[in-house]
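Take a look at the structure set out below.
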Amino acid sequence: MKKGNAETGIYLVLLVLGSAAILSIFALAFDASRLYLISKQVQTSADAAAMATARLLVMNPTLDIPTAQQQGFEILKQNLALSKIEPAEIDALAQDGSDTITISPLKDQVEVYVNIRTPTILIRMLPGVAHWVQVGRRATVKNLTLEVVLVLDGSSSMLDIISSPPPECALTANKLCAAKVAARRFVDMLLPLDRLAVVSFASDYVSENGTPNADYLDDARVEYPCRTYTYNNPSGGPPPAPPASCPAYPFVTAGAYGSSAREDVKTAISSYYTWGNTNTGAGLNRAGAVFSAAPPAANTVRIVLLLTDGNPYLDPHNSGSPVYWTNGSLAYVSDTPIPNRAHQISPSLCPQASMLQSASISCSDTNPIYNGCFTTTSGAPSAIGEARRRLAALDAIMEADALRDMGVVIYTIGVGSPDTATQFTPFQDGVNWLGPPHVPTLSFEAPRHADLIKQLLLIRLANEQPLMSTPPSNLTPPSPVPSLSYYWDFPCVPRGADIANRPQGQFVIASNGTQLVRAFESIALRIRTRFGD
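Residue numbers (this note's numbering): 1373 to 1905.
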């Protein structure tokens, strides 16, 4: 062979080998890119199926695990089909989804594992290369564990009639019955891993010997699981028995839908009864004592759900209130803390005491509440009732802020009509007399709107920042509107802007029984449709 021909042959061989190498690299790059895209599509499908299955468990508390697996599996198959996965490979997955979707017994974790075959396209032409590649992807979603304290208003005004009551309240049709139905519905919507306690609040609950309790904390009590009082309500149904032993921080795990533990919580809700006025601060304080002082465990959220039908108001004879009546004169709980009470407020402790103002027809809105703007039923000047109302509101705010220090998210529900009057003060109106059935008859009572929901207070208790900086449109703002936000800040307590980075909840108003049930349901869905890490 001539030298030139030999070199040409070598060049051709090298050219062929080089071309083959280039084609191999191209084939490898093409198939690798394709497999990467398919892998991402499978992962996305698995993620979506895991989240959807976890959401199904929340949306339908009665859903059993096999049914949830099947429904989640159908969602997975649809997503895989949209990702152009071979139908034969989708069909090859377990038909009932049990091998693909795993749900923990407590429904707190959903795991999806997808393992499918996908063909190689170009690289399969190379010798020794498989025609199929396995693609396996896993997705895990954890439902958060909730520690929930229901804080339910037990004041006597909860016996007022409510419009559009739930069917279960056809005979009584009062706010108390509707609240119990709504709270029981909330309990039904929780997952088996969630933990519950029930607190009621009023004022001066009658003790076992038939006399009013005078202590601040006795204005609220734990109804379940570890009741803090002896039940004595002949007109009500019997409450569930407390557990054999009560831990320092008493919660009960909900258990499966229809479990005895869950039913006991609902029975406790059904059995609580009304007494006295509205010591909201005591209710929040009692709720705080249920939570552990230690930070919450991982993937655990602490919740307080507060229900009330009016603004805080305390009988002046209640010596556990921030302001109380002694020998015909106004006395303030100021320098001497109430035993076992974590928080208090009084004019002497408030550097902005002059801002505790109120307006009436005959009183300037800059007149301090101590100077007799308001009149009693006999017409005598008095600001005592309004002082009690406002200091009780500030006390509730302090208790709510203390809960937030423990990482608690607070949701507030007001059942009744909103108070749209403001008097350009965050305390809103406390002036007008109420019509039946709550016309004050005692000479020491001051005019008040006890049955109207004080929106600004409940928004502040929940720390719902959007409504704190831009209050509801049904409230009359100052004119001209200040350029700065948070112009409804309460005096003597942290400003709205100062708690913007603290746990934020939500305020919901319910004007009738149907709306009240929906309010509890909407909050249950809101707090339950959050996933852990």
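Every residue, glycine too, gets a C-beta built ideally from N, C-alpha and C. Everything numeric in this text was worked out from a predicted model, so none of it was measured.
Could you give the residue range of the beta strand (DSSP E) that holds residue i?
{"i": "Gly1786", "result": "1780-1787"}
{"i": "Phe1573", "result": "1567-1573"}
{"i": "Asp1525", "result": "1517-1525"}
{"i": "Ala1554", "result": "Note, Ala1554: premise wrong, no beta strand (DSSP E); alpha helix (DSSP H) at 1547-1560."}
{"i": "Gly1882", "result": "Rather than Gly, the amino acid found at residue 1882 in this sequence is Ala. Ala1882 -> beta strand (DSSP E) spans 1878-1882."}
{"i": "Arg1674", "result": "1672-1680"}
{"i": "Ile1475", "result": "1473-1475"}
Thinking C-alpha only, which one of the options is nearest residue i?
{"i": "Gly1788", "options": "Val1414, Leu1548, Arg1509", "result": "Leu1548"}
{"i": "Ala1834", "options": "Pro1863, Phe1799, Gln1878, Ile1457", "result": "Gln1878"}
{"i": "Ala1574", "options": "Met1423, Ala1511, Met1530, Ala1628", "result": "Met1530"}
{"i": "Tyr1645", "options": "Asn1546, Pro1619, Tyr1621", "result": "Asn1546"}
{"i": "Thr1797", "options": "Ile1785, Ala1670, Pro1843", "result": "Pro1843"}
{"i": "Ser1455", "options": "Leu1524, Tyr1408, Leu1678, Thr1792", "result": "Tyr1408"}
{"i": "Arg1890", "options": "Thr1490, Met1561, Gln1413", "result": "Met1561"}
{"i": "Ala1422", "options": "Arg1634, Pro1459, Ser1476", "result": "Ser1476"}
{"i": "Gln1827", "options": "Val1853, Asp1861, Ser1857", "result": "Asp1861"}
{"i": "Phe1623", "options": "Gly1885, Cys1598, Lys1552, Trp1647", "result": "Cys1598"}
{"i": "Pro1537", "options": "Ser1883, Arg1898, Gln1876", "result": "Ser1883"}
{"i": "Arg1634", "options": "Pro1433, Gly1885, Ser1894, Arg1867", "result": "Pro1433"}
{"i": "Asn1487", "options": "Arg1509, Ser1527, Phe1663", "result": "Arg1509"}
{"i": "Glu1540", "options": "Arg1900, Arg1902, Ser1894, Gly1885", "result": "Gly1885"}
{"i": "Leu1568", "options": "Thr1474, Ile1785, Val1523, Thr1600", "result": "Val1523"}
{"i": "Pro1611", "options": "Gln1887, Ala1555, Val1505, Asp1636", "result": "Asp1636"}
{"i": "Thr1685", "options": "Asp1471, Thr1784, Ala1554, Leu1829", "result": "First, the residue type needs correcting, since residue 1685 is Tyr and not Thr in the sequence shown. Per the Cα distances, Leu1829."}
{"i": "Gly1526", "options": "Ala1774, Ala1654, Ala1626", "result": "Ala1654"}
{"i": "Thr1784", "options": "Pro1790, Ile1831, Leu1766, Pro1459", "result": "Ile1831"}
{"i": "Ala1511", "options": "Ala1626, Pro1614, Ala1424, Pro1838", "result": "Ala1424"}
{"i": "Pro1335", "options": "Leu1888, Thr1901, Met1840", "result": "Outside the displayed span of the chain (1373 to 1905) sits residue 1335, for which this structure offers no information."}
{"i": "Val1571", "options": "Pro1491, Phe1663, Ile1534", "result": "Phe1663"}
{"i": "Val1780", "options": "Gln1887, Ala1669, Leu1766, Gly1682", "result": "Ala1669"}
{"i": "Leu1888", "options": "Glu1461, Pro1491, Ser1528, Ser1535", "result": "Ser1535"}
Roughly how many angstroms lie between the CA atoms of residue i and residue j, to the nearest whole one?
{"i": "Asp1419", "j": "Met1778", "result": "33 Å"}
{"i": "Ala1426", "j": "Leu1518", "result": "15 Å"}
{"i": "Ile1782", "j": "Ala1616", "result": "30 Å"}
{"i": "Ile1769", "j": "Met1431", "result": "33 Å"}
{"i": "Val1673", "j": "Ser1411", "result": "34 Å"}
{"i": "Asp1463", "j": "Ala1661", "result": "54 Å"}
{"i": "Leu1363", "j": "Asp1566", "result": "No statement about residue 1363 is possible, as the shown extent of the chain runs from 1373 to 1905 and does not include it."}
{"i": "Thr1680", "j": "Val1484", "result": "42 Å"}
{"i": "Lys1514", "j": "Ala1896", "result": "17 Å"}
{"i": "Pro1849", "j": "Gln1413", "result": "52 Å"}
{"i": "Val1593", "j": "Pro1667", "result": "Contrary to the premise, residue 1593 reads as Arg rather than Val in this sequence. Roughly 23 Å between the two C-alpha positions."}
{"i": "Arg1658", "j": "Gln1481", "result": "32 Å"}
{"i": "Gln1441", "j": "Asn1451", "result": "15 Å"}
{"i": "Ile1825", "j": "Ile1641", "result": "23 Å"}
{"i": "Asn1671", "j": "Glu1893", "result": "22 Å"}
{"i": "Trp1647", "j": "Asp1590", "result": "12 Å"}
{"i": "Pro1863", "j": "Asn1873", "result": "20 Å"}
{"i": "Thr1439", "j": "Thr1792", "result": "48 Å"}
{"i": "Ile1447", "j": "Leu1678", "result": "37 Å"}
{"i": "Gly1630", "j": "Lys1638", "result": "10 Å"}
{"i": "Phe1445", "j": "Ile1473", "result": "7 Å"}
{"i": "Ala1554", "j": "Gln1415", "result": "39 Å"}
{"i": "Val1507", "j": "Arg1489", "result": "6 Å"}
{"i": "Phe1558", "j": "Pro1875", "result": "21 Å"}
{"i": "Val1505", "j": "Ser1417", "result": "18 Å"}
{"i": "Ile1457", "j": "Asp1773", "result": "53 Å"}
{"i": "Lys1449", "j": "Asp1471", "result": "14 Å"}
{"i": "Glu1595", "j": "Thr1650", "result": "17 Å"}
Hey, could you find the ends of the alpha helix (DSSP H) residue i is sitting in?
{"i": "Pro1438", "result": "1437-1454"}
{"i": "Ile1462", "result": "1459-1463"}
{"i": "Thr1886", "result": "1885-1900"}
{"i": "Ala1834", "result": "1827-1834"}
{"i": "Met1840", "result": "1837-1841"}
DSSP has residue i in a bridge; who is on the other side?
{"i": "Thr1512", "result": "Glu1483"}
{"i": "Thr1490", "result": "Val1505"}
{"i": "Ala1592", "result": "Phe1573"}
{"i": "Ile1533", "result": "Asn1546"}
{"i": "Pro1790", "result": "Ile1825"}
{"i": "Tyr1858", "result": "Answer is none; Tyr1858 lacks a bridge partner."}
{"i": "Tyr1685", "result": "Thr1650"}
Is it the case that the CB of residue i approaches a heavy atom of the ligand PLP more closely than 8 Å?
{"i": "Ala1616", "result": "Judged by which ligands are present, the structure shown has none, so any question about the ligand PLP falls away."}
Whole alpha helix (DSSP H) elements within the segment 1594-1660, 4-residue minimum | For the segment 1594-1660, whole alpha helix (DSSP H) runs of length 4 or above, ordered along the chain, are 1632-1643.
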